[in-house]
Structure formats: C-alpha cells, structure tokens
Amino acid sequence: MRIPRVWTRGLLLLALALYTVYSAGPFAWIAVMSLRTTSEISADPYALPTHFHWDKYLTAWTTSHYGTYFWNSAVVVVAAVAILTLIGSMAAHCLARYRFRGNRLIYFVIFSAIIFPPQVIIISLFQVLVEYGLFNTRTGLTLVYISIQLPLTMYLLEGFFAQLPQDLYDAAKIDGCSDFNVFWRLTLPVGVPAIATTIILNFISLWNEFLFAVVLITDEEKRTLPLGIMKFMGDQMQDIGMISTGLMIAIIPVIVIYVLFSEKLIQGMTAGAVK
Amino acid sequence: MPLMSAAPETLPLSARLMARLRGDSLQSPWGAIIFFLGPALTVYVAFTIYPVFRTFYNSVHIIKPRGVEEFVGLANFVTLFTRDMVFWKSVTNTMIWSSLAPVVDVVTGLLLALCLYAKVPLARFFRVAWFTPVLITYVVVGILWMWIYNYDWGIVNVALRWVGLGAWAHSWIGDPATALWALIFAHAWKWAGFNMVVCVAALYALPTEVLEAAELDNCGWARKLIFIIIPMLRPTLLNLLILSFLGKMKVFDLVWIMTKGGPLWSTETVSTYVYKRAFEWSTFDLGYPSAVAAVWFLVVLVFVLTLSWAFRQRERLEY
C-alpha cells in the first residue's frame, strides 16, 4: 500500500462521521428544538438550549388533541395487529400444512398484492366503505389495515411454518389432536419467533401509515397520529418550537419499540429481501 | 386427506402409511381448510380484490356522487393519453424518480453495510444512527425536510452562506427546477438504512471460506468487492433494486406532505395526481382518476414481470 493505513482509516472514519451527522443530525436538531421556545429558536435555530423547557411537552399534549390522536392510533393499530396476527397465522398455517387443490393459487393471489400500487384500490375503497357505512369510522380503517398488511404477514409466516419439522405434526396427529388444536397448541407456540417479528413490523408500518388514513378518515375526533401531526402543524403555523415538541412526541414511541425489539424488527424487514 | 406436509414424499414410509390409514377414518379436511382460510380470505376479498376490480369498472364510467354512474367506454383513456399534460408530467417525474433512486439507495446501503461488516469502531452506534430514519413516519420526515430546505434558516442555506456561497442559497422546494431533486434526496435519506440492514444480513450469510481464500491470494479490498462480494450478493441486490423501484412507482406520502405536487407540477407523481383528481379537485368524478390508477397498475405490472423475467434469465446463465 502506498498510502499509510492510518490515513485511509482516518478518512474512512471522517466520511462515516459526516454520514452520521447527515442521517442522525436532523433528529438531534428536532430534539434540541423541542426544548426551546420559538423566540429562542428564531434568534438562533442551531444553538443549544440555555434553559430546558420540559413543560412544552405538557403544553403540546394538552393544547392540541394529541391525547385523542394517540388513543385513535393505539386502538386502530392494536386491533388491526391483533386480528392480523390471528387470522394471518391461521391462513398461513393452512397454506403451509394442508395440501389441496388451489393452495398455491391462493398463495400467489395474496402474495401478488405486495406489488400493487395502493392507489389502485384507494378510490374504490372509499366508495366501498361509504356503501358499507364504514367510511370515516375506526372500524373501517382497521379492516383496511388488516387487508393491506395481510400479504406480507402471510408471506413471512407461511415461510416459517412450512419449515417446521413434519415429525411434530405426525406426533400430534398420532396423539389424536384435532385440526384446531394442532394449530393452537403446536403451530402457534412453535411459531412465536416469526409471529413476534410480524407483530412488530406490522405495528410500526401501521403506526406510520398516512395514505389510507388521510382518505378514509375526515373527523377531527377520529384522526390517527400522522393526520394529527399534519393538523397540529397547520394550526401552529409558524410556531416552530411547539411543532418540534409535537414531532418528538410522535417519534418517541417508535424509537422505544426499536430499542426494545431491534433484532426482531430487522429480521422481519430483511426476511423478504435476503436470498 | 388429513394434515399433510408440504412435501409428503420426504416422509418415512411408516408415517405415510399411517396418514393413508387414518385418512379414511377422518372426515374431509375441507372443513378445517375453510375454517383456517375463511376469515383472512373474506377480509382480503372484500378490501383488496373487490376494490381492484371496482377500479377497473370505474375506469370506463363517469362516477358522480350518490351512485350516479354513466358508461363512457374508453373515453377516459382517450383523454388520458391524448390531452392530459399533467398526467404525462407526473409520469415523467415518477419515472425519473424510480429510475435514479434505486441505484442511489442500493449503492449507499451497500457501502454502509460494508463499513459495518468491516467492523469499524462504534459499529453498533452507527447502525442505530443510520437505520433510525427508516422507522419515522413520512409526516415527520416531510416536516423535518421542509425545515432543512427553508430559505431563511434551513441548514442547507445556512451552511452555504457560512462557507461564502450565499449566492447558491435557494428556495429548494419552492423552485420548480430543484423541487423534485430535493424530494428525491429526502426520500433517499429515509431509505438508505433499510438497504443497509438488508445488505448486512446478506453479507453475514456469505460463506466465509471464499473471502478467506481471497485474502490468502492477497486480494485487495476493491477487487474483493467487485469480483467476489458483489457477484455473490447479486440476488439480494437485485431484490433491493426491484423493491426500491416499486416503492418509487407508488411514492405519495412525502410529496403530499412537502409540496402537494407543486410548484407548477414539478413534483407531481402519478399517486398524488390520482389523489388530487379523486379527492381534491371538485370534479366530483371518480371515474377518470380510476382510469389513471388502472393504467398505472398495468404499467407497474408490466415492469415487474419484465424485470423478474430478465433477471431470472441472467441468473440461469450465471449459476
């Protein structure tokens, strides 16, 4: 090597540090601004806080409808993820463990939805929900969320369930287990690693979902968190400091989940693409 | 037949016999199959399959509120292909986006992954810092980047003025010449981390003997990358390119939050155009936007089939 190793290493670390500033810097900036008042920010947007205004979090929570948005997001997402996990693993169990005519056809039809551009269903979903009386309801949004996350859920679970050793299933059959008990007592407990992955992945995707929520929900009291942030930003206009606090409130739960379950989450995200 | 494996011929003979014997004594498994598949299929048919067909039905109609429908044949498509300049603008923008961004995404992701794989100091911290943008909702990302691009106090212009290039300071998303690039950049910021974690997973799945053999042959980093790592990661990289391409073909959220397709349609994408025509413009017609959506669905489908076919051919040649 002609260039001393120390130099290349130093350059590499410098590049990485710069990339880190670019990728994580915006969060640090928002976090700092969330503790400063707007007048402090307009004096110098990039200064560190001289005084920590923790009370801004309380103000952001109470003056906006953050409590309502948070609750709506929680209800819709928890219900959707719970139902998805149950019916998704039932269907995946069926496709992985039963042989019947049309098995692969059903698998293909469901899986092919992964490539759908969402706008191909958004307009007609609006019509359909209006006709079913589910437009602008949290139930309607929950059902739509179940449907849009079903393909990925089934893809991940089917792959895992199909690899479970057949001996387990033979043993259960010989012990006289009913079809339902095979699913409930065998597939579900053994499939916990894959199921946990899908739960976390679905939770984060739906928590962040924007397009379907913006079309299917119009009432103030039914807004989910991403819609609420948009509304909050519109209301606060130029109050940069307060909006930053609002953004931090939206970021924190996702970061907490990431810190707690990062391995599972990354497994789920990479499962589809690594070959 | 009762519960069966996906590949029954791999079972021991005794188990197969057992299954055959028990098959007669048990009722048909169709009850169980319907029980297991029923709920998922019902939701899926009602909220995905039926709407897809409904969109195609819509596309040859004019759909007014309160169920007023009028059959217009291919008129929507004729207008779309011959007179709708905004549609073609949105197609151009989406195609620019989805042909450039996948390369940027995957190259950044691969480079970052190689750094982590090479065990740079603080790798754990770097991984978290680089991956976090993936998890943040587009609403937050959009607002954040609107501030970063702000003319007066956004960091881009502040930095330019600080190094004495104040003349280059720009209203990045307010100028039709730069708005699309500004959005592509912000979108790439969010997705680099995803490509990175996938590449890291693929790198750790590589057989280490090959890399060790290369090391023994005194092979440098660059050559190892070009002649060994990239060819072996090929399937993963192709998958990532296709995923990223698909993602860009449907891009909506970030555009809607930051520019709503403006200024002067310079950031209009097909998705935002469909949304605008259906729910923002007071044309009260859902038929025309459905035609746009239907055309775009077919375009995406053709691309996916072509890409996967083309890559499958290559694969067969190489291995």
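So the protein lines, in turn, are chains A and B.
Heads up: the first sequence begins at 1 in this note's numbering, then just goes up one per residue.
Heads up: the second sequence begins at 1001 in this note's numbering, then just goes up one per residue.
Glycine included, every Cβ here is placed at the ideal spot set by N, Cα and C.
{"Item": "Separation of A/Arg-97 from B/Leu-1021, as counted between CA atoms", "Value": "Confidence in B/Leu-1021 is poor, its pLDDT being 47 and thus under 50, which makes the residue's placement unreliable; the coordinate value appears in the next sentence. So the alpha carbons of these two residues sit roughly 19 Å apart."}
{"Item": "Bridge partners - B/Glu-1070, DSSP secondary structure assignment", "Value": "B/Ile-1062"}
{"Item": "C-beta contact flag for B/Val-1140 and A/Phe-210 at 8 Å", "Value": "no"}
{"Item": "Burial state of A/Phe-108, where buried means 16 or more other Cβ atoms lie within 10 Å", "Value": "exposed"}
{"Item": "Residue-chain proximity (B/Ala-1159, chain A), Cβ-Cβ < 8 Å", "Value": "no"}
{"Item": "Cβ-based neighbour list, A/Phe-183, same chain, cut-off 6 Å, excluding 5 preceding and 5 following", "Value": "His-93"}
{"Item": "DSSP three-state assignment for B/Gln-1027, whether helix, strand or coil", "Value": "With a pLDDT of 46 at B/Gln-1027, under the threshold of 50, the modelled position of that residue is not reliable, and no figure is offered here."}
{"Item": "Own chain residues within Cβ distance below 7 Å of A/Val-77, not counting five before or after", "Value": "Phe-203, Leu-206, Trp-207"}
{"Item": "Contacts of B/Pro-1263 in chain A (Cβ-Cβ under 9 Å)", "Value": "Ordered by position in chain A, no residue passes the 9 Å Cβ test against B/Pro-1263, which lies about 19 Å from the chain."}
{"Item": "Selection from B/Leu-1240, B/Val-1128, B/Leu-1110, B/Trp-1256 that minimises the alpha carbon distance to B/Ala-1179", "Value": "B/Trp-1256"}
{"Item": "Cβ-Cβ distance between B/Ser-1099 and B/Asn-1076 below 8 Å", "Value": "no"}
{"Item": "Alpha helix (DSSP H) segment containing A/His-93, residue limits", "Value": "66-97"}
{"Item": "Per-residue contacts from B/Leu-1286 into chain A (C-beta, under 9 Å)", "Value": "Ile-123, Ser-124, Phe-126, Gln-127"}
{"Item": "For B/Val-1163, three-class secondary structure by DSSP", "Value": "coil"}
{"Item": "Listed by chain order, chain A residues near B/Cys-1219 by CB distance under 7 Å", "Value": "Result: empty, since nearest Cβ-Cβ is about 13 Å, beyond 7 Å."}
{"Item": "Length of the line joining the Cα atoms of B/Leu-1216 and B/Phe-1227", "Value": "15 Å"}
{"Item": "Closest Cα partner of B/Ser-1266 within the set B/Phe-1245, B/Trp-1030, B/Tyr-1044, B/Asp-1175", "Value": "B/Asp-1175"}
{"Item": "Beta-carbon proximity of B/Thr-1108 to B/Ala-1192, cut-off 8 Å", "Value": "yes"}
{"Item": "Whole-angstrom distance between A/Ser-23 and A/Phe-111, CA atom to CA atom", "Value": "33 Å"}
{"Item": "Listed by chain order, chain B residues near A/Gly-88 by CB distance under 7 Å", "Value": "Ala-1040"}
{"Item": "Euclidean distance between Cα positions of B/Val-1200 and B/Gly-1220", "Value": "20 Å"}
{"Item": "Residues of its chain near B/Ile-1143, where Cβ-Cβ distance is below 8 Å and the 5 sequence neighbours each way are ignored", "Value": "Ile-1257"}
{"Item": "Closest residue to B/Ile-1242 among B/Ile-1063, B/Val-1128, B/Ser-1308, B/Val-1078 (Cα-Cα distance)", "Value": "B/Ser-1308"}
{"Item": "Supposed close pair B/Ser-1271, B/Phe-1252 - CB separation, criterion 8 Å", "Value": "4 Å"}
{"Item": "CB contact below 8 Å: B/Lys-1064 versus chain A", "Value": "no"}
{"Item": "Euclidean distance between Cα positions of B/Gly-1023 and A/Ala-172", "Value": "Per-residue confidence for B/Gly-1023 stands at a pLDDT of 46, beneath the threshold of 50, marking its modelled position as unreliable; the derived number appears in the next sentence. Answer to the nearest angstrom: the Cα atoms are 15 Å apart."}
{"Item": "Enclosing alpha helix (DSSP H) for B/Trp-1265 [first to last residue]", "Value": "Segment: none, B/Trp-1265 is in no alpha helix (DSSP H) and carries neither H nor E."}
{"Item": "Option nearest B/Arg-1289 by Cα separation, candidates B/Phe-1303, B/Phe-1279, B/Val-1274, B/Phe-1297", "Value": "For the sequence presented, residue 1289 of chain B should be read as Pro rather than Arg. Among B/Phe-1303, B/Phe-1279, B/Val-1274, B/Phe-1297, the Cα nearest to that of B/Pro-1289 belongs to B/Val-1274."}
{"Item": "Backbone CA spacing between A/Asp-179 and B/Pro-1029 [nearest angstrom]", "Value": "8 Å"}
{"Item": "Under 8 Å between C-beta atoms of B/Ile-1062 and B/Asp-1285", "Value": "yes"}
{"Item": "Per-residue burial, B/Ser-1025 [other beta carbons within 10 Å of its own, 16 or more giving buried]", "Value": "Unreliable positioning characterises B/Ser-1025 in this predicted model, as indicated by a pLDDT of 36, which lies under 50. A coordinate reading is not provided."}
{"Item": "Spatial distance of B/Thr-1330 from B/Val-1072 (CA atoms)", "Value": "Nothing about residue 1330 of chain B can be read from this structure; chain B reaches only from 1001 to 1319."}
{"Item": "Simplified DSSP assignment, three categories, for A/Phe-261", "Value": "helix"}
{"Item": "Option in B/Val-1128, B/Arg-1124, B/Leu-1111, B/Leu-1203 with minimal Cα separation from A/Gly-25", "Value": "B/Val-1128"}
{"Item": "Exposure of B/Glu-1212, with buried meaning 16 or more beta-carbon neighbours within 10 Å", "Value": "exposed"}
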